[in-house]
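Chemist: Dropping a structure here in C-alpha cells format, bear with me for questions.
Residue numbers (this note's numbering), protein chains in the order written: chain U, 820 to 971; chain V, -10 to 348.
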C-alpha cells in the first residue's frame, strides 16, 4: 500500500490500566518498529496527526482529552485503542468511567483488545491513514473542516 | 533576587505514558516545591466487588495495572485462598513463581528503557525494549497473553505449562542474560549516563525508612527488605539474596533493578529445575467467609491485598495498597531542591505506576 505521509501520533492515557499504553509504546520499538515509516510518538498535540487514546475516560481526564483534541491541527484522526477506549470494557460498570472515548470526542477507528496487540494497533493506524487522506482531500475542497464538539 | 514561577508538569507529557500531574514551583532552574495531584486514572475499580463475583474479580484484579498484572492477580487469589482454606498444589506454586519472576523481569526491563528515555539515550531505550519482547514471547507462549495473562484462578492456574515448554525457556533466558549484560554495562559504567544518575535524588537509609518507601527504591538506599523472603508461593525453596546498594541515589536504584533482572533469571532457572509433577488446580467449593490480608513483593515494591468476604458470592470489600503510593512522599522529597532537568529522572526513579495507585 501507498503511504502518502508519515503521521505523528499523540498518545494519551485516559484512565487505562497501562496494558494498552505499553503496547502502544511497544509498537514503536524494534520488534514492530513503526518508526521506520516515520511514524513517531510525539508528546506535542500541535505536531500530531493521529490521536491514540487508551482507557475508558473518567471524569477528570474528560477535559484533558477534549483539550488535547482541540489543540491538534486539522486534519486529524482519533483511534480508540483497546476495549476500554471503545466502550468501557471491564470497567464499564465502574462509577467513574464514562464508557468509551466517543462519549467525549468523535472517534474514527476502533481497535478492540484487552490489551490491544501491537499488530492490531498498527492495522488501526493504517486504516487511520486512509481516513486522514480523505479528510485532507475534503479540506482542499472546503475551506474549513468540520469540527464536532456537540457530542460531549 | 530570583522570582518564583509555577510550571505544570503533566498530565499529558512525553516522559511517561501515564498521566501524573505535578505543579513545580521554580526559583530560576531550581525546584523548590512539587505538588502532585492525582485522580487521572481513578476508575473506581474496588467498587466492582459488588457487581462481579469473587471468581470474576480475578480478571478485574489483574487489570488494576497492565504492567504488574500477574502480581495483582496473584495477591488477590492468595488472599481469597487463605480465607477459603485452599491449599494450592506444589506445581501451581512453582509455576506461579516462574510467571511472577517473568513479569518482574519484563517490568524491570521496561523501567530501564523508560529511564534511558528520560535521560535522553534513545538507542538504549530501543535496545532494552527489544530484549523485553523476548520475555513477552515466553509469557505469551505460557499464558496466551502479552501483558494481561488471565491464567490465574482461585485454587491454582487455569492451565498447565508443559515441562518441555519450560525447558525451552532455558536457552532464551541465557540469550536474554547475555544481551542484557551489554545494556546493563551502559547503564552502570557509561560516564555520560553516570553523570545523569550519580548523586541525583539522594535519600539516606534513615530517610527512606522514615518516608515509608518500599521495593527497589528502598533497597537502592541500602535497606535489606524484600517481601519475597516471607516465603509465599515457592520462594521458600529457592535460594536468592536480597540485592541492595549503598549509593542511596538514582544510580543505586538503577543498579538494584538491573541486578534484580539477573536474579529473576536465576530464580526461574532454579524453579524450572525443581518444579514437581502434578495437578495445577484444586476444586473450589462454596463461597468465602472471613477476611485476610496478603503481602507480596511486586516489581515496584511491597503490595498489600485486603479481602473481606461475607459468605455470598460477592465480596464485601477488596482493598489494595500499592508500592507507588508508598513511594510518592519520597518523590516529592527528592524533587525539592533539584534542577528542572532532573525532574523526569526523579519521577521515573520511583517507577511510578499511576493506574495501580489510583485504581
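Think of the CB as a built atom: it goes at the ideal place given N, C-alpha and C, for glycine as much as any other residue.
On a predicted model such as this, the values are computed, not experimentally measured, just so you know.
Would you grab the beta carbon distance between residue 346 (chain V) and residue 313 (chain V) for me? Rounded to a whole angstrom, and I think it's under 8 Å.
Modeler: Indeed they touch by this definition, with Cβ atoms about 4 Å apart.
Chemist: DSSP on residue 193 (chain V), reduced to helix/strand/coil?
Modeler: DSSP places residue 193 (chain V) in coil when its eight states are reduced to three.
Chemist: Pick out whichever of V:114, V:100 and V:36 has its Cα sitting closest to the Cα of residue 106 (chain V).
Modeler: The shortest Cα separation from residue 106 (chain V) among V:114, V:100 and V:36 belongs to V:114.
Chemist: To be precise: take each residue of the stretch 105 to 126 of chain V, compare its Cβ to all Cβ atoms of chain U, and keep it if any distance is under 7 Å. Which residues remain?
Modeler: Residues 115, 118, 119 and 122.
Chemist: From residue 253 (chain V) to residue 914 (chain U), what does the alpha carbon distance come to, in whole angstroms?
Modeler: The alpha-carbon atoms of residue 253 (chain V) and residue 914 (chain U) are separated by roughly 38 Å.
Chemist: Using a Cβ-Cβ cut-off of 9 Å, state whether residue 848 (chain U) counts as contacting chain V.
Modeler: Answer yes: the Cβ-Cβ gap between residue 848 (chain U) and chain V drops below 9 Å somewhere.
Chemist: By Cβ distance, which residues of its chain are closer than 6 Å to residue 917 (chain U), with the 5 residues on each side in sequence left out?
Modeler: Hits under 6 Å: 876.
Chemist: Looking only at DSSP bridge pairs, what is residue 287 (chain V) linked to?
Modeler: V:290, per the DSSP bridge assignment.
Chemist: Could you tell me the boundaries of the beta strand (DSSP E) in which residue 243 (chain V) lies?
Modeler: That residue, residue 243 (chain V), is in no beta strand (DSSP E); its alpha helix (DSSP H) goes 239 to 263.
Chemist: With a threshold of 8 Å on Cβ separation, who are the neighbours of residue 884 (chain U) within its own chain once the five nearest residues in sequence on each side are excluded?
Modeler: Counting only Cβ-Cβ distances below 8 Å, and skipping sequence neighbours, we find 831, 833, 872, 876, 920, 923 and 924.
Chemist: Counting only Cβ-Cβ distances shorter than 8 Å, please list the residues of the stretch 45 to 62 of chain V near chain U, keeping chain order.
Modeler: Here the close residues are 48, 49, 52, 53, 54, 55, 56 and 58.
Chemist: Check residue 108 (chain V) in the structure and name its three-state DSSP category.
Modeler: Looking at residue 108 (chain V) - three-state DSSP - the assignment turns out to be coil, as it is neither helix nor strand.
Chemist: Just the C-alpha distance for residue 182 (chain V) and residue 176 (chain V), rounded to the nearest angstrom, thanks.
Modeler: Looking at the two C-alpha atoms, the distance is approximately 6 Å.
Chemist: Ignoring anything shorter than 3 residues or poking outside the stretch 864 to 893 of chain U, list the beta strand (DSSP E) runs there in chain order.
Modeler: Qualifying beta strand (DSSP E) stretches, in chain order: 869 to 873.
Chemist: Contact check, residue 2 (chain V) vs residue 862 (chain U) under 8 Å by CB: the rounded distance?
Modeler: About 6 Å separates the two Cβ atoms, so the contact holds.
Chemist: In or out: residue -5 (chain V) buried (at least 16 other Cβ within 10 Å) or exposed?
Modeler: Its Cβ having fewer than 16 others within 10 Å, residue -5 (chain V) is exposed.
Chemist: Need the endpoints of the alpha helix (DSSP H) that residue 48 (chain V) sits in, please.
Modeler: Start and end: 46 to 51.
Chemist: According to the neighbour-count rule (16 or more other Cβ atoms, all chains shown, within 10 Å of its Cβ), is residue 997 (chain U) buried or exposed?
Modeler: It is not possible to answer for residue 997 (chain U), since the shown part of chain U is limited to 820 through 971.
Chemist: Going along the chain, which residues of its own chain have a beta-carbon closer than 7 Å to the beta-carbon of residue 34 (chain V), five neighbours each way excluded?
Modeler: Hits under 7 Å: 49, 53 and 348.
Chemist: Got a sec? Which residues, its chain only, sit under 7 Å from residue 389 (chain V) by beta carbon, not counting five neighbours each side?
Modeler: In this structure chain V extends from -10 to 348, so residue 389 (chain V) is not present and cannot be described.
Chemist: By alpha-carbon positions, which one of V:211, V:232 and V:28 ends up nearest to residue 217 (chain V)?
Modeler: Measuring from the Cα of residue 217 (chain V), the nearest candidate turns out to be V:232.
Chemist: Relative to chain V, which residues along the stretch 827 to 845 of chain U have a C-beta separation below 9 Å, given in chain order?
Modeler: Residues passing the 9 Å Cβ filter: 829, 830, 831, 832, 833, 834, 835, 836, 837, 838, 839, 840, 841, 842, 843, 844 and 845.
Chemist: With H, G and I counted as helix, E and B as strand and the rest as coil, what does DSSP make of residue 916 (chain U)?
Modeler: If DSSP states are grouped into helix, strand and coil, residue 916 (chain U) belongs with the strands.
Chemist: Along the alpha helix (DSSP H) that carries residue 346 (chain V), what are the first and last residues, could you check?
Modeler: Counting along the chain, the alpha helix (DSSP H) containing residue 346 (chain V) begins and ends at 343 to 347.
Chemist: Report all residues from its chain with a CB closer than 6 Å to the CB of residue 828 (chain U); omit the five preceding and five following residues, and keep chain order.
Modeler: Only 860, 869 and 871 meet the Cβ criterion.
Chemist: Between the beta-carbon of residue 11 (chain V) and the beta-carbon of residue -7 (chain V), is there less than 9 Å?
Modeler: Not in contact: residue 11 (chain V) and residue -7 (chain V) (Cβ atoms no closer than 9 Å).
Chemist: Which bits of chain V does residue 875 (chain U) rub up against, with CB to CB less than 8 Å?
Modeler: Per Cβ cutoff of 8 Å: 32.
Chemist: If we count the other Cβ atoms within 10 Å of its Cβ and call it buried at 16 or more, is residue 55 (chain V) buried or exposed?
Modeler: When all chains shown are included, residue 55 (chain V) counts as buried.
Chemist: On the premise that residue 270 (chain V) lies in contact with residue 128 (chain V), defined as a C-beta separation below 8 Å, what is that separation, rounded to the nearest angstrom?
Modeler: So it is not a contact: roughly 20 Å between Cβ atoms.
Chemist: Which residues in chain U have a C-beta closer than 8 Å to the C-beta of residue 0 (chain V)? List them in chain order.
Modeler: Going along chain U in sequence order, the residues near residue 0 (chain V) (Cβ under 8 Å) are 880 and 883.
Chemist: Going straight from the alpha carbon of residue 899 (chain U) to that of residue 879 (chain U), what length do you get?
Modeler: Rounded to the nearest angstrom, the two C-alpha atoms are 18 Å apart.
Chemist: Does any C-beta atom of chain V lie closer than 9 Å to the C-beta of residue 855 (chain U)?
Modeler: It does not: the Cβ of residue 855 (chain U) has no partner Cβ on chain V nearer than 9 Å.
Chemist: Taking C-beta pairs closer than 9 Å, name the residues in chain V that residue 916 (chain U) reaches, listed in chain order.
Modeler: Those within 9 Å of residue 916 (chain U) in chain V are 32 and 33.
Chemist: Which of the three DSSP states, helix, strand or coil, is assigned to residue 929 (chain U)?
Modeler: In this structure, residue 929 (chain U) counts as strand in the three-state DSSP scheme.
Chemist: Which bits of chain U does residue 195 (chain V) rub up against, with CB to CB less than 7 Å?
Modeler: The premise fails here: residue 195 (chain V) is roughly 33 Å from chain U at the closest Cβ pair, so nothing lies under 7 Å.
Chemist: Name the two residues that bound the continuous beta strand (DSSP E) containing residue 19 (chain V).
Modeler: Counting along the chain, the beta strand (DSSP E) containing residue 19 (chain V) begins and ends at 19 to 26.
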